[in-house]
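Following this note's numbering, the numbering of the first sequence begins with 562 at its first residue and continues without gaps. Everything on this sheet refers to the single structure shown next.
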Amino acid sequence: MEYNFLEIEKKWQKYWSDNEVFKVEIDPSKPKYYVLDMFPYPSGAGLHVGHPLGYIASDIYSRYKRLKGYNVLHPMGYDAFGLPAEQYAIQTGQHPAVTTEKNIARYREQLDRIGFSYDWSREIRTCDPSYYKWTQWAFLEMFAHWYNIETDRAEKISDLITVFEKEGNLNIKASCSNVKKFTADEWNQFSEKEKADILMCYRIAYLGETSVNWCAALGTVLANDEVKDGISIRGGYPVEQKKMLQWQLRVSAYAERLLKDLDSIDWTDSLKEMQRNWIGRSEGAEMIFKVSNGLQEFDMEIFTTRADTVFGVTFMVLAPESDWVDKLTTPQQRKAVEDYVNYCKKKTERERIAETRKVTGIFTGSYAVNPFTNEKIPVWISEYVLAGYGTGAIMAVPAHDSRDYAFAKQFNLPIVPLIEGCDVSDESFDAKNGVMCNSGFLNGLSVEQAIPAAIEEVEKRGIGWRKVNYRLRDAIFSRQRYWGEPFPIYYKDGIATPLGFEHLPLKLPEIDKFLPTEDGEPPLARAGNWTFEGYPLEKSTMPGFAGSSAYYLRYMDPHNDNSLVSKEADEYWKNVDLYIGGTEHATGHLIYSRFWNKFLFDLGYVCESEPFKKLVNQGMIQGRSNFVYRIKGTNKFVSCGLKDKYDTTEIHVDVNIVSNDRLNIDAFRKWMPEFADAEFILENGEYICGWAIEKMSKSMFNVVNPDMVCDKYGADTLRMYEMFLGPLEQSKPWDTNGIDGVHRFLKRFWRLFFNKDKFSVSYEKASIKEYKILHKLIKKVEDDIENFSFNTSVSAFMIAVNELYETGCNKREILEPMLILLSPFAPHVAEELWSLLGHGDSISKAIFPEYIQSYTVEDTFEYPVAFNGKMRFKLTLKRDLPKSEIEDLVAKSPETLKYLGEGKISKIIVVPNKIINIVF
RNA sequence: GCUCGGGUGGUGGAAUAGGUAGACACGCAGGACUUAAAAUCCUGUGGGCAGCAAUGUCCGUACGGGUUCAAUUCCCGUCCCGAGCACCA
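Shown next as structure tokens:
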């Protein structure tokens, strides 16, 4: 019987869907396991073979865990709000909901063909009102809470008001925006508006003025992680800095917890490192410098990590946007300073980055006093100091900071070295080592000792304090776009007021056009009556990450209309055990999700403080492009190996008409009219194409659609081949060349169960040799799956099948467990053979240990052997050899063994993976 | 510039608490079956040298050193490639 994958796959996909085989419910009798994929944004282009890589891996793992007796939650959904659908809507007038719906249908069709074991009854879409109700709800909760630094958690705003009424904010330690101190009396006399403004400074979701990434082409602001090199990631448009009033989430309040809890989760080091960099914790001190513009004296705070270098401070620098600029500019310098500040303002983020090494700046005219040397030092302004970090002002130590050094050289400012023997004539000495000099009481100390000593002294003199700074900023949460969640906020007498829970979801209104209004308001302003009880509703919408921040919780209880997730579901499913997705979300989604989860944890809605216990990053699949070589000025094409003999032009050719780098000439002639009468110069009767690894994209003609692979080889081959391609985490090109090998394996496996055309499986007892083949395979595949080394487990199957061919084995005792083991990888084939073996139900319901127990063999064997020596010794041998053979091997083993001399080996330990430890 | 990864046949890649490097697969070459093709199966396949041959022998995991009886694996230095961060004081 032929291995008819098309028929088999269709049959079992229908069976799974008709019988809801993968539907899961809470089942306290079984251990739970939650496997999650990063849900896709359904783009118009559909899936290419790169997209399912992670999904296949997670599916194999899910199926494997089911075989191991776990109750596996493995859901899928769509991150359906977003810019591309909206941009498309602007161009075509087509409503984003319509295109999104269409794209989702296409995605679903493609996903279904690959045979995933998703519980589709739990599907969610972020653009669905019943889903975004809970996004809006979470926002309202953030609006209704503030961050108490003393208890280190989010608490109710209503409790904060109670404190304000009793004692003002004098004793409150909160993570908040700049807010003045007030007493209870003062609080009680504030107007409603004043109170609202103060509370806004404390809320975790708050409205505040901030410098934002403004993308004029997209007409919206973007978060830091949505911008790279001054260019928007979606669309690639320039981005500029602009001050705007925006909704923000106080992510910064959670910086320390986000950092610390990285230690408790099983993510790759590189990913954790990225998050650590993004959070950017740095320990140091805030210090007060006295500054004077000649008329007035001020205390100016700066942040430094190098308090030890304070004796070398020879000037101060302000960020151009700093509030100090205005206060410290003297009349004589006013014009020059204004010119400089305007010059900085005009620059886009991109220009600033491009000119990183250009040193610019201007003197304010004011001076500060170095608190340790009492020297008068000038205060400058320069764009190399950032307004958003620290206090927006620095003490400059040119001898030991390369940026200060460049600035000092440019403007001829003094450079005072502070470390013995360092040479600062060409460059600064930035390293944190050496012995201090020119530094008063710090002289003779190492840098390591000097830093804390200096901070101690600063605190003693009352001119500063220890301080930890973070690079992580609050997340800007407003987007001036249509296709996103509306804010459940209206403005009553200018006060931002939350909608009551009973009014959720606040649905997106219909509008005529998806563009901003003529006077620059967001598209929602076009809605005829975008008001609540006569008051205007917020016109921006939430960003893409809003809907994806808590979706993993919703899967646990997707149809619950009373809460995001029920207590019962949350306590059973807890958090995601395995999360698979790309690295591109390292500093976006994965930070926001962790923040969101911690917030809900503080409020008691979820029982775990981290959302994703283990995270695996799958690599990207690149395209493998093919080329043909046209001889210039002709319609004649020369095969790759001969192309150097001619003057040719390299032309991309559709990889779908090339096989193993051989061009299908007929298909090529039909591919494009201009090639209809093409002529060819062949090598050995074939046209060989050139190739290159490039990004998979339409314009390179290297996009491979999974549907095509399923048509030609079947989903099981696609699944196994994607795994066989190489390590999961590694990026690698899609190379169709090797796929025949995997397909051949499946056909060989299939034929093990057949004799000629007849299904034929023997009930004979298996031989020792055959047991060894099976158990070697089980051991290997289980270890590999646990380590996400799927490529080597595919190889292990191939080896086992080759070996079974050698023994001519068709014994049920061997083939049945093997089939179960293969089922996570190639579920359709496994189901078909399983049913041919006479099983009534799905192999997906089988529990592996039940089939394997009777065959289990000992893991460790010990063989006493004579040896004397001093070291532990290992020798690679095959597993579970008879004792005599081992001794024999030891006796006549390689040179290295002879070295051991005539001693006594007490025993040799054979551990499962072929290693022998010789102990004595 | 800084921080992580990584350099193994013609190709994708195996093998690291140090122990026969190149599993498995692709490709290639030869063979069987076939009128032929597809499919399938078998054999060979890192390089050099010697041999009719089985085989023997030397060199080989980016490069140069080191530790060790033994190094793809550990240590030091150099060169390349990839990823992330980048005026974060």
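Beta carbons are placed, not taken as given, at the ideal position from N, Cα and C, and that holds for glycine.
Identify the continuous beta strand (DSSP E) that holds residue i and give its terminal residues.
{"i": "residue 816", "result": "Counting along the chain, residue 816 falls outside any beta strand (DSSP E), though it belongs to the alpha helix (DSSP H) covering 816 to 821."}
{"i": "residue 982", "result": "Where residue 982 is concerned, there is no enclosing beta strand (DSSP E), given that its DSSP letter is neither H nor E."}
{"i": "residue 1050", "result": "1050 to 1053"}
{"i": "residue 929", "result": "923 to 930"}
{"i": "residue 941", "result": "937 to 942"}
{"i": "residue 906", "result": "Premise fails: residue 906 lies in the alpha helix (DSSP H), 895 to 907, not in any beta strand (DSSP E)."}
{"i": "residue 767", "result": "766 to 776"}
{"i": "residue 700", "result": "Per DSSP, residue 700 belongs to no beta strand (DSSP E); it is in the alpha helix (DSSP H), 690 to 704."}
{"i": "residue 632", "result": "632 to 634"}
Going by the beta-carbon positions, is the gap between residue i and residue j smaller than 8 Å?
{"i": "residue 942", "j": "residue 901", "result": "yes"}
{"i": "residue 1184", "j": "residue 1233", "result": "no"}
{"i": "residue 715", "j": "residue 1164", "result": "yes"}
{"i": "residue 599", "j": "residue 1142", "result": "yes"}
{"i": "residue 605", "j": "residue 664", "result": "yes"}
{"i": "residue 1097", "j": "residue 780", "result": "no"}
{"i": "residue 1187", "j": "residue 1250", "result": "yes"}
{"i": "residue 680", "j": "residue 574", "result": "no"}
{"i": "residue 1081", "j": "residue 847", "result": "no"}
{"i": "residue 1003", "j": "residue 1015", "result": "yes"}
{"i": "residue 586", "j": "residue 637", "result": "no"}
{"i": "residue 628", "j": "residue 1381", "result": "yes"}
{"i": "residue 1018", "j": "residue 1027", "result": "no"}
{"i": "residue 882", "j": "residue 952", "result": "no"}
Using CA coordinates, which residue listed in the options is at the minimum distance from residue i?
{"i": "residue 1071", "options": "621, 1097, 611, 657", "result": "657"}
{"i": "residue 1104", "options": "1239, 1037, 1113", "result": "1037"}
{"i": "residue 1109", "options": "1193, 602, 782", "result": "602"}
{"i": "residue 1139", "options": "1096, 611, 924, 633", "result": "633"}
{"i": "residue 572", "options": "675, 654, 1303", "result": "675"}
{"i": "residue 1321", "options": "1336, 1369, 1290, 1342", "result": "1369"}
{"i": "residue 808", "options": "1341, 1040, 1132, 1010", "result": "1040"}
{"i": "residue 802", "options": "827, 770, 815", "result": "770"}
{"i": "residue 666", "options": "721, 608, 702", "result": "608"}
{"i": "residue 800", "options": "906, 750, 852", "result": "906"}
{"i": "residue 1066", "options": "611, 610, 691", "result": "691"}
{"i": "residue 1035", "options": "810, 1395, 728, 762", "result": "810"}
Run through the DSSP bridge pairs and tell me what residue i is partnered with.
{"i": "residue 1093", "result": "1096"}
{"i": "residue 1182", "result": "1293"}
{"i": "residue 885", "result": "Looking at the DSSP assignment, residue 885 forms no beta bridge with any residue, so it has no partner."}
{"i": "residue 1526", "result": "Since the first residue of the chain shown is 562 and the last is 1481, residue 1526 is not available in this structure."}
{"i": "residue 1364", "result": "Note: residue 1364 sits in no beta bridge, so no partner."}
{"i": "residue 709", "result": "714, 735"}
{"i": "residue 1025", "result": "848"}
{"i": "residue 809", "result": "767, 1037"}
{"i": "residue 1194", "result": "Per DSSP, none; premise fails for residue 1194."}
{"i": "residue 1482", "result": "Because the chain is modelled from 562 through 1481, residue 1482 falls outside the range shown and cannot be assessed."}
{"i": "residue 1316", "result": "1319"}
{"i": "residue 1140", "result": "597, 1176"}
{"i": "residue 1187", "result": "1214, 1252"}
{"i": "residue 785", "result": "Paired residue(s): none; residue 785 is not in a bridge."}
{"i": "residue 804", "result": "772"}
Going by DSSP, what residue range makes up the alpha helix (DSSP H) through residue i?
{"i": "residue 843", "result": "Segment 843 to 853 is the beta strand (DSSP E) holding residue 843; no alpha helix (DSSP H) there."}
{"i": "residue 838", "result": "830 to 840"}
{"i": "residue 1500", "result": "This structure cannot speak to residue 1500, because the chain is shown only from 562 to 1481."}
{"i": "residue 616", "result": "613 to 628"}
{"i": "residue 1155", "result": "1150 to 1163"}
{"i": "residue 1044", "result": "No alpha helix (DSSP H) holds residue 1044; DSSP gives it neither H nor E."}
{"i": "residue 864", "result": "First-last for residue 864: 858 to 865, but that is the beta strand (DSSP E), not the alpha helix (DSSP H)."}
{"i": "residue 1334", "result": "1329 to 1347"}
{"i": "residue 685", "result": "Element bounds for residue 685: n/a, residue is neither H nor E."}
Mind checking whether the beta-carbon of residue i lies closer than 7 Å to any heavy atom of the ligand PLP?
{"i": "residue 1318", "result": "The model depicted lacks the ligand PLP and carries no ligand whatsoever."}
Can you check the stretch 1238 to 1281 for any alpha helix (DSSP H) of at least 4 residues that lies completely inside it and give the ranges in chain order? 1267 to 1273
Give, in chain order, every unbroken run of the beta strand (DSSP E) that is at least 3 residues long and sits entirely within the stretch 1052 to 1084. 1056 to 1059
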